[in-house]
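In the numbering used here, the protein residues as written are 2 to 771.
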């Protein structure tokens, strides 16, 4: 079947009249209207070889044979035939039928159209016969029958005057008296135009009338006329042997509407295909192009004249055309559809990734009549796919080079991701892991399985991260201490899609921690031993030192008389000074040992800070005067009491004042002051104009047994315990010590205590200077 036949079939499929094409009374094709007309549901029910004869009443079958023979001989039919048909349930059906000879699949066949006709008692013998003799017996019955049919019928004599019309035709003439006066056909036209019932004649009535009369007076003709009510009629006119004209008008409004709907549908379809972003093509059964859309023409850089009727070999080199031709052959000969993706530079110069889909076109007779398909530009999809593959490769590379184990399971527990480290620990390949569950891969101890299941259930229920640590003998034979972190994996809607697990090998860290713990315990033991030793030795040293100091003091004061030589007095003073210094060092060491051992206890005295500072200044006065250093005290009025250990507070002040006097050159100044913050917190400050401390040495001098490495300082003896002990005692009272110093410009030490150490609040500000 040709493509034109296929297009014809698409039209007749929607026709309101029944249409059947048959040869030797065997149906070759029937449209849906024909099937419905006889009360059937499918064309497959007309399976009998002589189905067309069996559809008619027995008395009409001979008329169908004669009509088909006449049609096959090439004689034209200008008048319909009337038959009595039999529906599926054998009910009578009055039919009007027309016959045409057609070429079907290369052979001659009969095309028969059928619609409901007039009720009658019999059927005409042949297209040119008059009614049967028994029908002539009653002209009244004939007139009544003609008035009942839906078509308009009129008979004009050779002078073109109306001699008969049925009721349907008479409705066009409002003045019924004209029907008996032999009105001419032209007059009927003019009356109709005057009444406005023929809108297509309004533009040029005379021209329209002339054209209509010309058609009317031919031997035979068909005209389509629109009415003012929107209806359409098909007018069939035929001259008789005596020169009369028989007019038969059928309402084709539904057909027109169907045609219009079909045309609109075809227009929509054509517009859709022509403007489709896909390149659409249609080829005949020889694989020659019979249609391509605009996109196809643009891509191939051709026009319709160049491509219609040609094959793919006319447009591509043989090596490129051959694979396409093979796909066409598979569709045409083997009825196989294909879906091929390729990347090609098209004649328009653009490189595209294209998905080519082609399929066979099947005709109404079930035979392949061509091949069609479309090419879709998948370049964006191809690029997205390449980008996705690149990202996937990058992610895989990152995951596989991580020193940790990473895996993801779906909600059924099947591995979706397992990185290289995970596979090494488990001694498996990726192919062995993916898509399988842990239980399928390993036989873990029951307690480990229960623990893992409980953790994963907790992740799913709480949507939180779950951690655990364990020693595990891995499948690669290594015993590891592992930290497992399990977390929910969410989809784009926030729903849990799986469970992720990160495993970190903490074996080295665990080993280092164990070593550090052991070393710490050993250091703590050594420190305790040191502290115990120092405390013990301090007590052992204090006793003889106290004796040395006491006897040297007796000698200095000549308690039991003169020593007899002046040098003995100097020796006694040296012994006394050295003994006191050694005793102070031992006391500091003993205090530090107690602090480190956590054995020092602080009293909670109420201290008069003014008296405490004044007595401390007094104790340092002689040393300051001997060194030609000015010593001052600055106190605010009404300084409140302070709660703390008075002995330790005095120790703090004396340590700071002693350092300032020790490291201030003659002529310098050392000041001690106290101040109150608005919130009741008390601060002390010791400032000097001494040699200062280099910025790099400040952190060092705050450590025990450390001193700044400066020549002036090195000339002064000391253990380096004073500042460390002072800071520690301050912190034990909840305070903070801040040291600010600049080399060769002096040092300021500030001690701030919390407000809760203050007893009462200052009543007013102001300063008293001593």
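For every residue, glycine included, the Cβ atom is placed at its ideal position computed from N, Cα and C.
Local Cβ density within 10 Å of residue i, reported as buried at 16 or more and exposed below that
i           : result
residue 472 : exposed
residue 350 : exposed
residue 420 : buried
residue 269 : exposed
residue 611 : buried
residue 765 : Its pLDDT being 38, under 50, residue 765 is placed unreliably by the model, and the measurement read from it follows with that caveat. Result: exposed.
residue 216 : exposed
residue 522 : exposed
residue 273 : exposed
residue 164 : exposed
residue 457 : buried
residue 357 : buried
residue 513 : exposed
residue 129 : Any reading at residue 129 must be qualified, since the residue scores a pLDDT of 36, below 50, and its modelled position is unreliable; the value itself is stated next. Per the 10 Å Cβ criterion, exposed.
residue 691 : buried
residue 723 : buried
residue 76  : exposed
Beta bridge counterpart(s) of residue i as assigned by DSSP
i           : result
residue 633 : 672
residue 108 : 105
residue 485 : 469, 504
residue 233 : 227
residue 44  : DSSP output for residue 44 lists no bridge partner at all.
residue 303 : DSSP lists no partner for residue 303.
residue 114 : 20, 99
residue 743 : 747
residue 293 : 282
residue 249 : 154, 237
Residue of the options minimising C-alpha distance to residue i
i           : options            : result
residue 740 : 756, 698, 250      : 698
residue 625 : 695, 655, 646, 159 : 655
residue 696 : 605, 746, 160      : 746
residue 112 : 253, 31, 206, 394  : 31
residue 317 : 408, 348, 271      : 348
residue 312 : 330, 555, 295, 41  : 330
residue 638 : 677, 646, 390, 658 : 677
residue 425 : 408, 452, 116, 413 : 408
residue 479 : 466, 573, 489, 509 : 509
residue 645 : 97, 736, 159       : 736
residue 468 : 461, 488, 476      : 488
residue 254 : 272, 235, 199      : 235
residue 549 : 187, 576, 559, 100 : 576
residue 84  : 103, 91, 61        : 61
residue 596 : 252, 394, 705, 448 : 705
residue 383 : 361, 352, 403, 400 : 352
residue 298 : 287, 286, 278, 314 : 278
residue 742 : 693, 52, 722       : 693
residue 640 : 759, 202, 340      : 759
residue 1   : 519, 80, 260       : Given that the chain is displayed from residue 2 to residue 771, the structure contains no residue 1 and the question cannot be resolved.
residue 449 : 475, 461, 432      : 475
residue 477 : 340, 427, 432, 573 : 427
Short Cβ contact (8 Å threshold) for residue i with residue j
i           : j           : result
residue 667 : residue 630 : yes
residue 110 : residue 23  : yes
residue 442 : residue 429 : yes
residue 504 : residue 343 : no
residue 410 : residue 495 : no
residue 346 : residue 376 : no
residue 738 : residue 748 : no
residue 151 : residue 18  : no
residue 275 : residue 289 : no
residue 65  : residue 73  : no
residue 621 : residue 657 : no
residue 363 : residue 286 : no
residue 423 : residue 404 : no
residue 247 : residue 241 : yes
residue 90  : residue 40  : yes
residue 159 : residue 266 : no
residue 613 : residue 649 : no
Supposed contact pair residue j and residue i - C-beta distance, whole angstroms, cut 8 Å
i           : j           : result
residue 197 : residue 224 : About 19 Å separates the two Cβ atoms, so there is no contact after all.
residue 772 : residue 86  : Outside the modelled stretch of the chain, which goes from 2 to 771, sits residue 772, for which no answer is possible.
residue 380 : residue 359 : Between residue 359 and residue 380 the Cβ distance is about 20 Å, and since that is not below 8 Å, they are no contact.
residue 636 : residue 674 : 7 Å
C-beta neighbour in chain C for residue i, strict 8 Å
i           : result
residue 318 : The chain inventory of the structure shown lacks chain C, comprising one protein chain alone.
Residue i beta carbon near the ligand HEM (any heavy atom closer than 7 Å)
i          : result
residue 96 : The ligand HEM is not part of the structure shown, which contains no ligands of any sort.
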